[in-house]
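Asks:
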Amino acid sequence: SIVNKFGEEWGFIRKKEDRLTGDDVREGLTAIISIKIGEPQFEGQTKTKLGNTEAKSFTQKAMNDHLTSWFEKNPSEGKDIVRKSIDAAAARVAARKARDLSRNRKGLLEGRGMPGKLADCQWTEPEKCELYIVEGDSAGGSTKGGRDSRYQAVLPIRGKILNVEKARIDRVLQNNEVQALITALGTGIHDDFDLAKLRYHKIILMADADVDGQHIRTLLLTLLFRFMKPLIENGFVYLAQPPLYKLKWGGKEPVQYAFSDKERDGFIEMGLANGKRLPKDDGIQRFKGLGEMPAKELWNTTMDPATRVLIKVTLDDAAAADDLFSVLMGEDVELRRSFIQRNAKDVRFLDI
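The sequence shown begins at 118 in this note's numbering and counts up one residue at a time.
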């Protein structure tokens with residue numbers, strides 16, 4: 118192709134295997150071509166694709182003649198096109214490598230360089246199994262200690278996972294935490310996604326109850342939405358609801374857990390009105406993170422199916438969700454600032 122020809126002349130493409138495909142060059146490109154044909158022939162009943170073979174040859178010749186001339190006259194812009202196409206090719210290669218990620222549990226547990234240590238469950242029936250994705254080794258330790266290992270698996274991830282909305286697919290798939298998550302779920306991504314290979318029918322995102330925890334959940338949801346959307350569409354993704362406060366009333370009154378400032382204040386007001394006593398020194402405990410919660414307490418409040426609260430992530434309007442992820446997690450700062458200004462009055466939880 119023309120782009121390959123100039124890429125080789127300018128020294129960007131040195132090996133035969135580095136040559137670009139048409140898809141690499143056309144990535145992100147939208148074009149409208151207007152042609153006049155005496156006897157148009159269309160493929161299929163919907164007539165959405167032109168079937169005249171001569172139309173392709175005429176278009177290719179016109180493009181080749183003019184594009185060659187344009188590249189010769191505009192080498193600076195031409196080099197930018199070659200660089201952009203090479204980036205697209207790198208992303209294509211990375212996507213192909215994604216399917217090579219191990220998709221069996223033995224391979225996962227023996228995988229080298231895996232930063233997230235999967236503590237798998239004993240049962241193997243996906244419809245009975247749950248995967249808790251937690252942030253940090255400390256929280257991972259409490260979760261592993263508090264779980265029911267028969268059907269609850271735990272995958273700790275280190276730090277805040279990569280914001281995939283701002284990264285090309287090649288960089289995304291080079292991220293160790295992303296690789297660990299893709300491998301653990303077993304479905305693959307994008308065109309290689311296979312829902313039948315999902316290992317856990319409950320994927321539970323469990324992070325701290327504060328703003329940092331909300332950010333981590335948003336980053337994970339962005340990854341799942343962009344790369345494994347059917348998981349959300351089919352109702353396999355859930356948000357755990359760990360408590361933010363622990364109220365230890367005096368006497369033999371039972372402990373209460375509050376999931377927000379508003380709920381905490383409501384419990385205190387009602388308790389005091391009913392004659393309860395709240396010790397000043399340790400009556401109210403704010404959990405700084407899941408890691409400081411004893412394993413048994415984490416089980417009782419957040420992981421026990423009999424008492425826990427899970428929020429199922431649903432996708433009612435895919436187009437609206439797509440736009441919202443782009444605004445909140447993308448590169449356009451002005452668009453995000455405008456969204457925040459429009460919606461600031463609706464904020465109900467501000468942890469500052």
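Note that the Cβ used here is the ideal one computed from N, Cα and C, for glycine as well. Since this is a predicted model, take the numbers as computed values, not measurements.
Mind checking whether A301 and K261 have CB atoms under 8 Å apart?
Replies: Position 184 of the sequence shown, counted from the start, is the residue given in the question as residue 301. Position 144 of the sequence shown, counted from the start, is the residue given in the question as residue 261. Not a contact, by the Cβ cut-off of 8 Å.
Asks: Taking the continuous beta strand (DSSP E) assigned at P422, which residues delimit it?
Replies: Indexing the sequence shown from 1 puts residue 422 at position 305. Segment: none, P422 is in no beta strand (DSSP E) and carries neither H nor E.
Asks: Is it buried or exposed, G330, if we count other Cβ atoms within 10 angstroms and call 16 or more buried?
Replies: In the sequence shown, the residue the question calls residue 330 occupies position 213. It is buried - the Cβ of G330 has at least 16 other Cβ atoms within 10 Å.
Asks: In the structure shown, what three-state DSSP assignment does P273 receive?
Replies: The count along the sequence shown starts at 1 and reaches residue 273 at position 156. Note: P273 maps to strand in three-state DSSP.
Asks: What whole-angstrom Cβ distance do A375 and L427 have, given they're in contact under 8 Å?
Replies: Taking the sequence shown and counting its residues from 1, one reaches residue 375 at position 258. Taking the sequence shown and counting its residues from 1, one reaches residue 427 at position 310. At roughly 18 Å, the Cβ-Cβ gap does not stay under 8 Å, so A375 and L427 are not in contact.
Asks: With DSSP as the reference, identify every bridge partner of I401, one or two as the case may be.
Replies: The count along the sequence shown starts at 1 and reaches residue 401 at position 284. Answer by DSSP bridge pairing, in chain order: L364.
Asks: Which word fits R267, buried or exposed, when buried means at least 16 other C-beta atoms lie within 10 angstroms of its C-beta?
Replies: For this step, residue 267 is matched to residue 150 along the sequence shown. Exposed, because fewer than 16 other Cβ atoms sit within 10 Å of the Cβ of R267.
Asks: In the DSSP assignment, find the beta strand (DSSP E) that holds E126 and state where it starts and stops.
Replies: Residue numbering aside, residue 126 sits at position 9 when the sequence shown is read from its first letter. From DSSP, E126 is part of no beta strand (DSSP E) but of the alpha helix (DSSP H) over 119-126.
Asks: Measure the alpha-carbon distance for D325 versus L336 and round it to whole angstroms.
Replies: One-based indexing of the sequence shown puts residue 325 at position 208. One-based indexing of the sequence shown puts residue 336 at position 219. Using only the alpha carbons, I get a separation of about 14 Å.
Asks: For L146, which of helix, strand or coil comes out of DSSP?
Replies: Start at 1 with the first residue of the sequence shown, and residue 146 comes out as number 29. Three-state DSSP puts L146 in coil, outside helix and strand.
Asks: With which residues is M323 paired in a DSSP beta bridge?
Replies: Reading the sequence shown from its first residue, position 206 is the one you call residue 323. Paired residue(s): V251.
Asks: Using a Cβ-Cβ cut-off of 6 Å (strictly less than) and excluding sequence neighbours within five positions of D287, which residues of its own chain qualify?
Replies: Reading the sequence shown from its first residue, position 170 is the one you call residue 287. Excluding residues within five positions, the ones whose Cβ falls inside 6 Å are A207, A208, A211.
Asks: Can you list, in chain order, the residues of its chain with a C-beta nearer than 8 Å to that of L315? Leave out the 5 residues immediately preceding and following it.
Replies: Against the sequence shown, residue 315 aligns to sequence position 198. P243, L302, G303, T304, L348, F353.
Asks: Can you tell me which of the three DSSP states V354 falls into?
Replies: Counting from 1 along the sequence shown, the entry for residue 354 is found at position 237. Reduced to three states, the DSSP call for V354 is strand.
Asks: My output table needs one value for K132: the three-state DSSP class, helix, strand or coil.
Replies: Locating residue 132 in the sequence shown gives position 15, counting from the first residue. In the structure shown, K132 sits in coil (DSSP, three-state: anything other than H, G, I, E or B).
Asks: Looking only at its chain, what residues have a beta carbon closer than 6 Å to the beta carbon of E227, apart from the 5 residues adjacent to it on each side?
Replies: Numbered from its first residue, the sequence shown carries residue 227 at position 110. Only weak support is given to the placement of E227: the predicted model assigns it a pLDDT of 43, under 50, and the value that follows is read from those uncertain coordinates. Taken in chain order, the list of residues that qualify is empty.
Asks: In this structure, does DSSP put E242 in helix, strand or coil?
Replies: As a working mapping, residue 242 is identified with position 125 in the sequence shown. If DSSP states are grouped into helix, strand and coil, E242 belongs with coil.
Asks: Return the CA-CA distance between P192 and R343, expressed in angstroms with no decimal places.
Replies: By 1-based counting over the sequence shown, the position of residue 192 is 75. By 1-based counting over the sequence shown, the position of residue 343 is 226. Going by the C-alpha atoms only, they are around 35 Å apart.
Asks: Answer with yes or no whether the minimum CB distance from D440 to chain C is below 8 Å.
Replies: Protein chains in the displayed structure number just one, and chain C is not present.
Asks: Tell me the DSSP secondary structure of I469 in three-state form.
Replies: Counted from its first residue, the sequence shown places residue 469 at position 352. Below a pLDDT of 50, predicted positions are generally treated as unreliable, and I469, at 46, falls in that range; no measurement from the model is reported.
Asks: Considering just the uninterrupted stretch of the alpha helix (DSSP H) at Q162, what are its terminal residues?
Replies: To locate residue 162, count along the sequence shown from 1; it is residue 45. Careful: Q162 lies outside any alpha helix (DSSP H) and carries neither H nor E.
Asks: Given this structure, state the Cα-to-Cα distance separating M180 from R136, to the nearest angstrom.
Replies: Locating residue 180 in the sequence shown gives position 63, counting from the first residue. Locating residue 136 in the sequence shown gives position 19, counting from the first residue. Using only the alpha carbons, I get a separation of about 20 Å.
Asks: According to DSSP, is P232 helix, strand or coil?
Replies: Your numbering for residue 232 matches position 115 in the sequence shown. Residue placement at P232 is flagged as unreliable, the pLDDT there being 38, under the threshold of 50; the coordinate-derived value follows with that caveat. Here P232 sits in coil by DSSP.
Asks: Could you say which of K234, G258, I130, K173 lies nearest to R200 if we only look at CA atoms?
Replies: Reading the sequence shown from its first residue, position 83 is the one you call residue 200. Out of K234, G258, I130, K173, I130 has the C-alpha closest to the C-alpha of R200.
Asks: In the DSSP output, which residue or residues are listed as bridge partners for K429?
Replies: On the sequence shown, position 312 is the one that residue 429 refers to. BP columns for K429 point to Y355.
Asks: For A375, name the three-state secondary structure that DSSP assigns.
Replies: Against the sequence shown, residue 375 aligns to sequence position 258. The answer is strand: DSSP assigns A375 an E or B state.
Asks: If distances are taken between C-alpha atoms only, which option among V295, A270, D265 comes closest to L279?
Replies: Residue 279 sits at position 162 when you count from the first residue of the sequence shown. Of the candidates V295, A270, D265, the one whose C-alpha sits nearest the C-alpha of L279 is V295.
Asks: My output table needs one value for L395: the three-state DSSP class, helix, strand or coil.
Replies: Locating residue 395 in the sequence shown gives position 278, where the first residue counts as 1. Residue state, collapsed to three classes: coil.
Asks: What's the gap between the Cα of K122 and the Cα of A205?
Replies: Taking the first residue of the sequence shown as 1, we reach residue 122 at position 5. Taking the first residue of the sequence shown as 1, we reach residue 205 at position 88. K122 and A205: Cα-Cα distance of roughly 17 Å.
Asks: Leaving out the 5 sequence neighbours to the left and right, which residues in its chain are closer than 6 Å to V142 when beta-carbon positions are compared?
Replies: Taking the sequence shown and counting its residues from 1, one reaches residue 142 at position 25. Taken in chain order, the residues that qualify are V120, S202.
Asks: Is L279 helix, strand or coil by DSSP?
Replies: In the sequence shown, residue 279 corresponds to position 162, counting from 1. Three-state result, L279: coil.
Asks: Report yes if the C-beta distance between M323 and Y249 is below 8 Å; otherwise report no.
Replies: The residue you call residue 323 lines up with position 206 of the sequence shown. The residue you call residue 249 lines up with position 132 of the sequence shown. Yes.
Asks: Does the Cβ of G124 have 16 or more other Cβ atoms within 10 Å, making it buried, or fewer, making it exposed?
Replies: Here residue 124 corresponds to residue number 7 of the sequence shown, with the count starting at 1. The residue in question, G124, is buried, as its Cβ has 16 or more Cβ neighbours within 10 Å.
Asks: Going along the chain, which residues of its own chain have a beta-carbon closer than 7 Å to the beta-carbon of W127, five neighbours each way excluded?
Replies: The count along the sequence shown starts at 1 and reaches residue 127 at position 10. Counting only Cβ-Cβ distances below 7 Å, and skipping sequence neighbours, we find K196, V199.
Asks: Do you know offhand how far S118's Cα is from K190's?
Replies: Translated into the one-based positions of the sequence shown, residue 118 becomes position 1. Translated into the one-based positions of the sequence shown, residue 190 becomes position 73. Taking the straight line joining both Cα atoms gives about 18 Å.
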